[in-house]
Amino acid sequence: MTQRFSIVIPAHNEEHYIADTLRHVAALDYPQDHYEVVVVENGSTDRTWEIARGFAGGNVRVVRSPRTGVSAAKNVGTDHMSPDSDWVVFLDADTLLGPGFLTELQTKVTSAGKPLAIGTTTITPLDRRWNARAWFAYYDVAHRFGGSYAIQIARRSLFPGFRFDEELRMGEDALLIRRARKTGKWFYLPTRSVHTSTRRFDADGYWRIFFRYWYFSLLPVRYWKAFDYRVIR
């Protein structure tokens, strides 16, 4: 059976990326009546809203979040999903999908032979320098066992029962993964169809980000709210 997908894209000050992201989503080689796109503009002070609105129509909806923060945006996105969807794909606004991505994902989730709940994919950096390729290859090892970056894929049935904690500025994806794994299996999709920018790594450095995430992952959840997620555009 052909699966139905909702692609939720939180977007905060993404005027330099959102058009390219939406062009790639529009070019997906998958039945348009079997996937939808929900862009959640999230407190932007640039032209994100105007640019995204230019893509609205058909299977693309552009809505606004009354609160800032990625958790609030994801909650608004899940509130606007079709009840007919089987899966939700949370996609960063600087991440591009190749034409065959949903077909690959459809094959993965329908041929698993076990109840899948949540997963992620290989992620290829848009920056082709050796250090970017090396670091992302390392991160993909973690992705095979439960880590995620730039994209998460979850069963639609988890929502609206699960709500992202809107006090969190980072780590909301990790809590979703923990919750979802209580209901089914983690999966990893090897693919060359997901490409993301390295803007955060370029700004903060690969080692600094590595140690920040490592330290963050060791802390009890009650301390996560003390962390901010610096906006880099």
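Taken in order, the sequence shown gives residues -11 to 221; the numbers are from the numbering used here.
We put the beta carbon where it would ideally sit given N, CA and C, even for glycine.
Alpha-carbon to alpha-carbon, residue j and residue i
{"i": "Ile(-5)", "j": "Arg196", "result": "30 Å"}
{"i": "Ala191", "j": "Arg221", "result": "9 Å"}
{"i": "Ala14", "j": "Phe(-7)", "result": "13 Å"}
{"i": "Thr108", "j": "Arg167", "result": "15 Å"}
{"i": "His0", "j": "Ser32", "result": "5 Å"}
{"i": "Ser70", "j": "Lys213", "result": "31 Å"}
{"i": "Leu85", "j": "Val182", "result": "5 Å"}
{"i": "Glu154", "j": "Pro148", "result": "15 Å"}
{"i": "Arg30", "j": "Arg52", "result": "The identity of residue 30 in the sequence shown is Asn, whereas the question assumes Arg. Each residue's alpha carbon lies about 6 Å from the other."}
{"i": "Trp37", "j": "Tyr23", "result": "22 Å"}
{"i": "Val77", "j": "Lys102", "result": "20 Å"}
{"i": "Phe43", "j": "Ala125", "result": "33 Å"}
{"i": "Val50", "j": "Met158", "result": "23 Å"}
{"i": "Thr171", "j": "Thr95", "result": "21 Å"}
{"i": "Thr83", "j": "Arg35", "result": "18 Å"}
{"i": "Tyr5", "j": "Thr98", "result": "32 Å"}
{"i": "Tyr201", "j": "Leu146", "result": "26 Å"}
{"i": "Val27", "j": "His12", "result": "14 Å"}
{"i": "Arg169", "j": "Ala130", "result": "16 Å"}
{"i": "Leu156", "j": "Met(-11)", "result": "37 Å"}
{"i": "Tyr194", "j": "Leu207", "result": "21 Å"}
{"i": "Phe199", "j": "Gly45", "result": "42 Å"}
{"i": "Ala162", "j": "Tyr211", "result": "14 Å"}
{"i": "Asp21", "j": "Ser73", "result": "11 Å"}
{"i": "Asp17", "j": "Asp216", "result": "37 Å"}
Residue i, buried or exposed, once every other Cβ within 10 Å from all chains shown has been counted against 16
{"i": "Leu177", "result": "buried"}
{"i": "Leu90", "result": "buried"}
{"i": "Val48", "result": "buried"}
{"i": "Thr110", "result": "buried"}
{"i": "Val219", "result": "exposed"}
{"i": "Tyr137", "result": "buried"}
{"i": "Phe189", "result": "buried"}
{"i": "Ala122", "result": "exposed"}
Bridge partners - residue i, DSSP secondary structure assignment
{"i": "Pro113", "result": "Thr184"}
{"i": "Pro(-2)", "result": "Val28"}
{"i": "Ala142", "result": "Val76 and Ile106"}
{"i": "Tyr23", "result": "Phe(-7)"}
Cβ-Cβ separation, residue j to residue i (assumed contact under 8 Å), whole Å
{"i": "Ala105", "j": "Arg143", "result": "5 Å"}
{"i": "Leu114", "j": "Ser205", "result": "Leu114 to Ser205, Cβ: 25 Å. No contact."}
{"i": "Ile(-3)", "j": "Leu79", "result": "5 Å"}
{"i": "Trp75", "j": "Ile141", "result": "6 Å"}
Beta-carbon contacts of residue i that lie in its chain and below 7 Å, excluding the five residues immediately before and after
{"i": "Arg151", "result": "Asn63"}
{"i": "Arg55", "result": "Glu154"}
{"i": "Glu92", "result": "Leu177, Thr179 and Ser181"}
Cut-off 8 Å between Cβ atoms - residues of its own chain near residue i, not counting five sequence neighbours on either side
{"i": "Asp128", "result": "Thr110 and Ile111"}
{"i": "Glu160", "result": "Val58, Ser59, Lys62, Phe152 and Asp153"}
{"i": "Lys173", "result": "Ala100, Lys102, Pro103, Leu104 and Ala105"}
{"i": "Arg41", "result": "Val50"}
{"i": "Gly135", "result": "Thr108 and Tyr127"}
{"i": "Asp8", "result": "Leu84"}
{"i": "Trp118", "result": "none"}
Same chain only: Cβ atoms within 6 Å of residue i, ignoring 5 sequence neighbours per side
{"i": "Leu10", "result": "Phe43"}
{"i": "Glu2", "result": "Thr36 and Ala81"}
{"i": "Gly65", "result": "Val(-4), Val26 and Val28"}
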